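78 is the number of the first residue of the sequence shown in this note's numbering; add one for each residue after it.
The C-beta atom is built at its ideal place from N, Cα and C for all residues, glycine as well.
On a predicted model such as this, the values are computed, not experimentally measured, just so you know.
To keep things clear, I will list the structure first and then write my remarks on it.
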Amino acid sequence: GASGNLVFAVKGRRSLRALETLLETRFAETFGRRVPMILRSAGDFSALPAKNPFGRIHHPQRVAVRLMRNGYPPAFLDELRRYVDDEDVAVVDGDLWIGFRSEPARSRVLSAFSRRRFFAEPGTFRALSMIARIAATLE
């Protein structure tokens with residue numbers, strides 16, 4: 078399915094989880110479909126590029142991050158490893174990072190997600206290059 082990015086300011090003090098619930102409810106009321114919303118504060122989102130566990134090994138367009146609502150435990154990598162060929166994988170603060178040495182479209186790691194094998198928890202993939210562009214707008 079399609080996904081997108083939205084940057085907005087919130088007046089008042091609500092938790093991110095409360096805002097996720099509100100947005101999901103309103104989206105379902107408006108469009109008749111429940112869609113998980115993954116929110117991050119500007120500070121947390123802006124810090125993501127610096128958390129890249131692969132340094133400069135991969136071009137930012139060849140690094141994917143699965144931003145999670147609740148986060149993967151480090152042990153998640155044990156289950157994922159059977160799909161890993163030449164990719165580098167890491168879990169940082171609950172988010173899955175994948176560094177691709179070859180074409181991402183040929184990755185068995187991504188195909189495992191496309192078959193909904195690892196979609197039990199709400200999350201969304203973003204290229205590190207996109208994360209960096211969005212983070213730059215938050216400064």
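Checklist entry - Near A119, which residues of its chain fall below 6 Å by C-beta distance, leaving aside the five closest residues on each side in sequence? => result What you label residue 119 is simply residue 42 of the sequence shown in a count that begins at 1. Take A119, set aside five residues on each side of it, and the residues of its chain with a beta-carbon closer than 6 Å to its own are L215, in chain order.
Item to check | Backbone CA spacing between F104 and R111 [nearest angstrom] | outcome: By one-based count along the sequence shown, residue 104 stands at place 27. By one-based count along the sequence shown, residue 111 stands at place 34. Whole-angstrom Cα-Cα distance: 7 Å.
Next on the checklist: Using DSSP's beta-bridge definition, name the partner residues of F202.
Outcome noted: Taking the sequence shown and counting its residues from 1, one reaches residue 202 at position 125. Bridge partners of F202: R143.
Checklist entry - So what's D155 in DSSP terms, helix, strand or just coil? => result Here residue 155 corresponds to residue number 78 of the sequence shown, with the count starting at 1. Three-state DSSP puts D155 in a helix.
Checklist entry - Quick one: what does DSSP say G148 is sitting in, helix, strand or coil? => result On the sequence shown, residue 148 is found 71 positions in, with the first residue counted as 1. For G148, the three-state secondary structure derived from DSSP is coil.
Checklist entry - Per DSSP, what kind of secondary structure is L100 in: helix, strand or coil? => result Position 23 of the sequence shown holds residue 100. If DSSP states are grouped into helix, strand and coil, L100 belongs with the helices.
Item to check | Straight-line Cα distance separating K128 from V169 | outcome: As a position in the sequence shown, residue 169 is number 92, starting the count at 1. As a position in the sequence shown, residue 128 is number 51, starting the count at 1. Between V169 and K128, the C-alpha separation is close to 7 Å.
Item to check | Selection from E97, R94, L154 and W174 that minimises the alpha carbon distance to P137 | outcome: For the purposes of this step, residue 137 is identified with residue 60 of the sequence shown, where counting begins at 1. Residue W174 is the option with its Cα nearest to P137.
Checklist entry - Buried or exposed: G200, going by 16 or more other Cβ atoms within 10 Å of its Cβ? => result Numbered from 1 along the sequence shown, position 123 holds the residue referred to as residue 200. By the neighbour-count criterion, in which a residue is buried when 16 or more other Cβ atoms sit within 10 angstroms of its Cβ, G200 is buried.
Item to check | Residues bridged to G176 [DSSP beta-bridge criterion] | outcome: The count along the sequence shown starts at 1 and reaches residue 176 at position 99. As a beta-bridge residue in DSSP terms, G176 pairs with V140 and D165.
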